[in-house]
DNA sequence: CCAGTATTGGAGTACATGCTCTAATACTGC
DNA sequence: GCAGTATTAGAGCATGTACTCCAATACTGG
């Protein structure tokens with residue numbers, strides 16, 4: 001079945017990710033990825049088809065890694081507030097465990113890496129289906145924490161569990177400090193916001 | 204003293220900013236900026252010297268606008284908790300008043316727009332001095348709110364006054380909704396976090 | 001050992017991009 | 001009106017970029 005592969009896909013994806021993280025999407029040129037990964041451009045195109053498809057794969061791999069851990073952390077926690085806080089905590093823990101991937105999620109935008117129009121169909125559907133399990137998790141958390149599908153509850157939950165940890169980690173990664181240093185005080189803030197929203201929601 | 208200027212600098216900077224916000228730093232090519240602003244490339248180079256310098260100017264202008272307003276809002280408020288909340292509020296108000304600039308701050312990184320090495324010295328020192336007044340403001344808030352330079356107090360303050368408003372505005376700008384809609388509930392959360400930290404800090 | 005084949009490897013190509021150059025232009029002070 | 005000059009304007013150039021092409025390579029099944 002032909003000549004065996006000499007370079008693992010992850011080698012290429014790691015190189016591309018590191019370049020994007022270090023200097024923005026435009027710095028990950030085919031030549032730069034080739035040099036950093038020691039994989040010739042010809043091989044890059046044989047594997048991925050185009051620069052866009054390669055960068056899309058970088059993005060997909062990272063999002064998948066994050067979400068697998070997120071769903072696992074949420075599943076392991078007790079229902080209600082506990083689960084919500086555990087969800088928030090995962091963003092911090094991911095940043096500590098996988099700093100490079102975390103940087104990609106926090107510092108690059110999808111639009112910087114890929115124009116959806118110019119992608120192979122398989123990748124496009126992959127992208128679209130990624131957010132679904134997480135959306136379902138949020139639905140579940142809303143009903144667990146607020147008892148019903150409350151609109152303003154959902155807003156508070158998103159802020160507390162998604163946006164606030166995101167902002168926190170982003171600031172630390174940009175500043176070069178360790179986000180887990182203030183883990184306790186961040187999670188306290190998360191809990192406070194949710195409890196306050198609970199009080200407002202059930203008057 | 205020579206031919207009068209036909210195009211205002213801000214016209215060019217606006218065009219470049221909008222391109223960056225819409226599609227990432229790499230989309231703001233000299234040709235694209237020229238077309239969108241209706242200013243010929245020759246004029247761009249006559250004014251700004253290089254593409255890098257132009258993008259740096261875009262960044263500087265936006266950061267300056269944000270920080271001038273921030274410092275003014277903080278100065279106008281009463282000391283202590285009030286001032287801290289007013290500081291947080293400014294991030295929201297800026298997003299409402301200057302959505303395009305706000306998008307730039309939230310969605311672009313400095314590294315995406317410029318490599319510090321390749322900049323005129325004046326711009327480089329400008330960049331470096333930008334954050335200083337804001338850092339001093341944070342110091343001042345820490346002592347006002349917590350009485351002394353408390354480490355955990357500083358953590359809570361940064362989370363409440365920087366991270367939380369950032370997260371809130373980001374969510375709304377990405378989703379296309381108006382961040383000021385939940386202004387009251389966001390500021391309540393800011394106050395809650397700070398009060399809780401005060402209780403923990405002075406036991 | 002011999003097809004058959006998937007992969008390697010890098011020189012070569014067409015094109016986009018940042019930037020330069022110079023003539024034309026339209027104002028000011030004298 | 002006449003220098004003097006800052007700005008306009010866009011054609012042209014050198015370089016960097018994504019991508020192609022094809023011979024060479026190294027494995028597998030028969």
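Chains as they are written, first to last, in my numbering: chain Y, 1 to 203; chain E, 204 to 406.
Yeah, the Cβ is synthetic: ideal placement off N, Cα and C, and Gly gets one too.
Keep in mind that this is a model prediction, so the values were computed, not measured.
Kindly indicate if chain E contains any beta-carbon less than 7 Å away from that of residue 151 of chain Y. no
Evaluate contact between the stretch 230 to 246 of chain E and the stretch 32 to 51 of chain Y, counting only Cβ atoms and requiring at least three cross-stretch pairs below 8 Å. no
For residue 147 of chain Y, does the three-state DSSP call read helix, strand or coil? coil
Chain E residues whose Cβ lies nearer than 9 Å to that of residue 101 of chain Y: By Cβ distance, chain E contributes nothing, its closest Cβ being about 17 Å from residue 101 of chain Y, past 9 Å.
Using a Cβ-Cβ cut-off of less than 8 Å, list which residues of the stretch 358 to 377 of chain E approach chain Y; keep chain order. 358, 359, 361, 362, 363, 365, 366, 367, 369, 370, 371, 373, 374
Can you give me the C-alpha to C-alpha distance between residue 59 of chain Y and residue 363 of chain E, rounded to a whole angstrom? 30 Å
Taking only the alpha-carbon atoms, compute the straight-line gap between residue 280 of chain E and residue 349 of chain E and give it to the nearest angstrom. 17 Å
Below-7 Å beta-carbon distance, residue 112 of chain Y vs any chain E residue: yes
Taking the straight line between their C-alpha atoms, what separation do you get for residue 399 of chain E and residue 195 of chain Y? 13 Å
Could you tell me whether the Cβ atoms of residue 287 of chain E and residue 344 of chain E are closer together than 7 Å? yes
Unbroken stretches of the alpha helix (DSSP H), 4 residues or longer, contained in the stretch 359 to 398 of chain E: 367 to 378
Length at least 4, wholly inside the stretch 265 to 338 of chain E: the alpha helix (DSSP H) runs in chain order: 284 to 300, 302 to 310, 313 to 316, 324 to 333
At least 3 beta-carbon pairs within less than 8 Å: the stretch 357 to 377 of chain E vs the stretch 162 to 171 of chain Y: yes
Closest to residue 106 of chain Y by CA distance: which of Y:193, Y:4, Y:22 is it? Y:22
Quick one: Cα of residue 221 of chain E to Cα of residue 79 of chain Y, how far? 44 Å
Please classify residue 208 of chain Y as buried or exposed, where buried requires at least 16 neighbouring CB atoms within 10 angstroms. In the structure displayed, chain Y extends from 1 to 203; residue 208 of chain Y sits before or after that span and is not available.
I'd like the list of long-range same chain contacts for residue 95 of chain Y, defined as Cβ closer than 6 Å, with 5 residues on each side in sequence excluded. 102, 169, 179
N- and C-terminal bounds of the alpha helix (DSSP H) containing residue 21 of chain Y: 9 to 23
Cβ shell of residue 130 of chain Y (< 6 Å), same chain only, five flanking positions each side left out: 63
Less than 6 Å between C-beta atoms, sequence neighbours within five positions excluded: which residues of the same chain meet that for residue 311 of chain E? 223
Residues of the stretch 219 to 234 of chain E in Cβ contact with chain Y at a cutoff of 7 Å, in chain order, please. 226, 227, 228, 229
Please list the partners that residue 401 of chain E has in chain Y, where partner means a Cβ-to-Cβ separation under 7 Å. In chain order: nothing, as chain Y lies at least about 13 Å away.
Taking residue 310 of chain E as the query, report the chain Y residues whose CB atoms sit under 8 Å from its CB, ordered along the chain. 109
Ends of the alpha helix (DSSP H) at residue 44 of chain Y? 41 to 48
How would you list, in chain order, the residues of chain E whose beta-carbon sits under 9 Å from the beta-carbon of residue 192 of chain Y? 392, 395, 396, 399
Using a C-beta to C-beta distance shorter than 8 Å, which residues of chain E count as neighbours of residue 141 of chain Y? In chain order: nothing, as chain E lies at least about 16 Å away.
Can you pull the chain Y residues whose beta carbon is under 9 Å from the beta carbon of residue 270 of chain E, in chain order? The premise fails here: residue 270 of chain E is roughly 16 Å from chain Y at the closest Cβ pair, so nothing lies under 9 Å.
Taking 6 Å as the limit between beta carbons, can you name the residues of its chain near residue 137 of chain Y, skipping five residues before and five after? 74
Option nearest residue 72 of chain Y by Cα separation, candidates Y:124, Y:56, Y:89: Y:89
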